[in-house]
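Protein chains in written order, with my numbering: chain A, 1 to 334; chain B, 1 to 334.
Beta carbons: idealized from backbone N, C-alpha and C, even for Gly.
Accompanying notes for the structure given below.
Protein chains: 2
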Amino acid sequence: MSITIKDVAAGAGVGVGTVSRVLSGSTSVSKQTRQRVEEEIQRLHYVPNSLAGALSSRRSGIVGIIVPTLEQSIFADTVDGAESELNVRNLQVMVGQTKYDIGREAELVKAFLKLRPEGLILTGSNHLPIVHDLLNAADIPVAECWGRAETPIGISVGFDNQAAARDIVTHMIDRGRRRIAMLCTPRYFDNRLQQRIDGYEEAMNLHGLEIDVHDSIEGASTYSGFHQSGKVLDHILQQRPDTDAIFCSDDFNAVGALFRCQQRGIWVPNQLSIAGFVDLPIASGITPAVTTVRVPRWEIGATAARNLAAMANGETIPERIIDLGYEIIVRETT
Amino acid sequence: MSITIKDVAAGAGVGVGTVSRVLSGSTSVSKQTRQRVEEEIQRLHYVPNSLAGALSSRRSGIVGIIVPTLEQSIFADTVDGAESELNVRNLQVMVGQTKYDIGREAELVKAFLKLRPEGLILTGSNHLPIVHDLLNAADIPVAECWGRAETPIGISVGFDNQAAARDIVTHMIDRGRRRIAMLCTPRYFDNRLQQRIDGYEEAMNLHGLEIDVHDSIEGASTYSGFHQSGKVLDHILQQRPDTDAIFCSDDFNAVGALFRCQQRGIWVPNQLSIAGFVDLPIASGITPAVTTVRVPRWEIGATAARNLAAMANGETIPERIIDLGYEIIVRETT
DNA sequence: TTGAAAGCGCTAACAT
DNA sequence: ATGTTAGCGCTTTCAA
Chain A
1 MSITIKDVAA
11 GAGVGVGTVS
21 RVLSGSTSVS
31 KQTRQRVEEE
41 IQRLHYVPNS
51 LAGALSSRRS
61 GIVGIIVPTL
71 EQSIFADTVD
81 GAESELNVRN
91 LQVMVGQTKY
101 DIGREAELVK
111 AFLKLRPEGL
121 ILTGSNHLPI
131 VHDLLNAADI
141 PVAECWGRAE
151 TPIGISVGFD
161 NQAAARDIVT
171 HMIDRGRRRI
181 AMLCTPRYFD
191 NRLQQRIDGY
201 EEAMNLHGLE
211 IDVHDSIEGA
221 STYSGFHQSG
231 KVLDHILQQR
241 PDTDAIFCSD
251 DFNAVGALFR
261 CQQRGIWVPN
271 QLSIAGFVDL
281 PIASGITPAV
291 TTVRVPRWEI
301 GATAARNLAA
311 MANGETIPER
321 IIDLGYEIIV
331 RETT
Chain B
1 MSITIKDVAA
11 GAGVGVGTVS
21 RVLSGSTSVS
31 KQTRQRVEEE
41 IQRLHYVPNS
51 LAGALSSRRS
61 GIVGIIVPTL
71 EQSIFADTVD
81 GAESELNVRN
91 LQVMVGQTKY
101 DIGREAELVK
111 AFLKLRPEGL
121 ILTGSNHLPI
131 VHDLLNAADI
141 PVAECWGRAE
151 TPIGISVGFD
161 NQAAARDIVT
171 HMIDRGRRRI
181 AMLCTPRYFD
191 NRLQQRIDGY
201 EEAMNLHGLE
211 IDVHDSIEGA
221 STYSGFHQSG
231 KVLDHILQQR
241 PDTDAIFCSD
251 DFNAVGALFR
261 CQQRGIWVPN
271 QLSIAGFVDL
281 PIASGITPAV
291 TTVRVPRWEI
301 GATAARNLAA
311 MANGETIPER
321 IIDLGYEIIV
331 RETT
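Here's what the structure looks like:
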């Protein structure tokens, strides 16, 4: 079997308690003893078994983060932000992907809870009842991300999707557009998409403009993503050839629509104005660069993690709902 | 504290052993007992503590996977493939990102080993000596991915980067290109990039053509990625205006170069031929679609995971070096 | 500053 | 088919 703390203790001629103290960086170990123990650790390539440590100390040192997918940079950045904050605090991150499936989310929560995480970061605030039960029974710090949960389980870290959508649509209206369609892909089981649609409708209604929301036909897969968006664009233009602007539910759709325009020879923004959401690297990389909403996806993860870590240490968080805001980035497509 | 197996046992009026048997799906439990226990589990929202279970059974049910980054779909797909195979086997996946830092990789290996994973999936085969020591002492199944390790620690799952690069460059030569430059971003601490360069040089040498390799000036960040590649393209064309083709070390560089061409009015492929590597969704989504090498990034993760799981069960793997191949995808940019 | 010992919550071997 | 019990490898009192 693998080396244990006993082997180290025996090798260094001390008790296991002392080795444990060295490992935890406790001050009450004499310099020489510490050194002897550390040498023995090196020599044996001893790696502490944190499963045992966690069981004993009731601190797993694990924080779970559950996101819809890692396949797009969208949430990878959030995971990244969380990881940065957690790693400096000696916490291990467990990542799970729901694949936009609310049932899978529940499975993941259950699987994660088995490892007794010190905190859990979830995306959105739409969960199965069992998740609430489980989380309630587990009694650990929880952060819900990417939206503004009105009554969060623990805390909420995100931004106002509806206001962001309203603002960017208003920007297009200000630019003189009148027949603005919305192009969506229905990949969220959460209500983020609905909030963006609400924001679009809010802006349109305020200006007495006609609402025109289009979902893509099938669920979007990563691979067909761009083409899928292109097809929806075709559909929109076929139904209403006088459409002069497209608000897309995210940058992937915006880029897909833009590609389609380039193929069809539609001049953007002159003939058709396009706006996205999220501000992925591709939005600024492409020509023409895409007007979009910049959302703090890295900060969302980092802020959630930071607060979770504090809560795990028994600190109290002043604000349960943390709004990180957003920014309208005007580029060349509008 | 949280609910334990004792609470369930007491509530159901059975011994802890019986509850454990129910949990593990053992057949030697009467139907009625099983049902009574399961009801109690439901009622209490009991979630087994797998830290304790792992400690006792010496099976953590955890498999670690360490990739350079999740910010690009490149490795996210590999993680995804691994996750798919592992989840059906009731194994939890721990993901770590090295950020292309070989020292961080060592840290991650150490952190993961503390959780006594049943296997570890690494990217590439260039590791610090300490990693070899640690892995050796831990004595667990290890898979190295994305390359062809000549002497893998455990097994190697990937493809021949050099041959792939050679083949796609040969394709450009066959199309009549003669002055082919290579555009790279030096983000790999692993030798994958070098192997691709070797493949490029192999093809060029074979046809007596002049070699011209360009690295980007700074390390590429995700955000500046496309612009960065564009700048390198500018540099290449400034130094050798008669360059008629660019082989890029990955699709991000290819797309970045293509964007730059569109900005500068360079006609692709007529004036300049461009090829990438990996076959990301953007490569087929963009117009003109990018010629590239399709690599089995999802299968790499899945195959590694499948074999690791088998090894963890004591099975012997026939082949230590698994070559999943690649495919040249000719599209519109060449 | 240190050693000894009692758990942490589970699994698995051994009884019955 | 089921209960009992001895660990798994740590952490954390409690003494010394």
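- Under the criterion of beta carbons closer than 8 Å, residue 157 of chain A and residue 316 of chain A do not qualify as touching, at roughly 16 Å.
- For the pair residue 45 of chain B and residue 139 of chain A, the CB atoms are not nearer than the 8 Å cut-off.
- Per DSSP, reduced to three states, the secondary structure at residue 88 of chain A is coil, with no helix or strand assignment.
- The C-alpha of residue 289 of chain B is placed about 22 Å away from the C-alpha of residue 75 of chain B.
- Nearest Cα to residue 297 of chain B within the set B/70, B/320, B/93, B/36: B/70.
- Within chain B, 285, 286, 287 have C-beta atoms less than 8 Å from the C-beta of residue 259 of chain A, given in sequence order.
- In the three-state reduction of the DSSP assignment, residue 64 of chain B falls in the strand class.
- The stretch 33–44 of chain B makes contact with the stretch 8–18 of chain B: 3 or more CB pairs, one atom from each, lie closer than 8 Å.
- By the 16-neighbour rule on beta-carbons within 10 angstroms, residue 88 of chain B is exposed.
- Using a Cβ-Cβ cut-off of 8 Å, residue 26 of chain B does not count as an interface residue toward chain A, since no Cβ of chain A sits closer than that to its own.
- Cβ-Cβ separation between residue 292 of chain A and residue 276 of chain A: approximately 4 Å, consistent with a contact (criterion under 8 Å).
- Residue 95 of chain B has a beta carbon lying within less than 8 Å of a beta carbon in chain A.
- The C-beta separation of residue 105 of chain A from residue 62 of chain A comes to about 18 Å, leaving the pair out of contact by the 8 Å criterion.
- Residue-level contact by beta carbon holds for residue 51 of chain B and chain A, with a gap shorter than 8 Å.
- Residue 180 of chain A and residue 178 of chain B have their C-alpha atoms spaced approximately 48 Å apart.
- Looking at the DSSP output, residue 291 of chain A bridges to A/275.
- Judged by DSSP in its simplified three-state form, residue 37 of chain A adopts helix.
- For residue 116 of chain B, at least one C-beta of chain A is nearer than 8 Å to its own C-beta.
- For residue 138 of chain B, the C-beta contacts it makes with chain A under 9 Å involve 2, 45, 47, in order along the chain.
- Cβ neighbours of residue 244 of chain B within its own chain (closer than 6 Å, five residues either side excluded): 177, 179.
- For the stretch 27–41 of chain B, the beta-carbon criterion of a distance under 7 Å to any beta-carbon of chain A is satisfied by none of its residues.
- Membership of residue 7 of chain B in the alpha helix (DSSP H) is indicated by the continuous run 5–12.
- Annotation: the continuous alpha helix (DSSP H) that includes residue 105 of chain A extends over 102–113.
- Nearest to residue 284 of chain B by alpha-carbon distance, out of B/252, B/314, B/260, is B/252.
- Taking 8 Å as the cut-off, the Cβ atoms of residue 162 of chain A and residue 195 of chain A count as close.
- Among the residues of chain B, none has a CB under 7 Å from the CB of residue 277 of chain A; the nearest is roughly 17 Å distant.
- Runs of beta strand (DSSP E) with 3 or more residues, each lying fully within the stretch 164–221 of chain B, are found at 180–184, 213–215, listed in chain order.
- In this structure, the straight-line span from the alpha carbon of residue 81 of chain B to that of residue 172 of chain A is close to 41 Å.
- Residue 26 of chain A and residue 3 of chain B have their C-alpha atoms some 31 Å from each other.
- Sequence-distant Cβ neighbours of residue 198 of chain B in its own chain, meaning closer than 6 Å and more than five residues away, are 162.
- When the beta-carbon positions are compared, residue 141 of chain A and residue 324 of chain A stay at least 8 Å from each other.
- It is roughly 29 Å from the alpha-carbon of residue 155 of chain A to the alpha-carbon of residue 91 of chain B.
- Using a CB distance below 7 Å, the part of the stretch 261–272 of chain B facing chain A consists of 262, 263, ordered along the chain.
- Close CB contacts of residue 14 of chain A within its chain, under the 7 Å cut and outside five residues either way in sequence, are with 33, 37 (chain order).
- Residue contact check for residue 296 of chain A against chain B: no CB pair falls below 8 Å.
- Sequence-ordered contacts of the stretch 51–68 of chain A with chain B read 51, 52, 53, 54, 55, 58, 60, 61, 62 [C-beta pairs closer than 9 Å].
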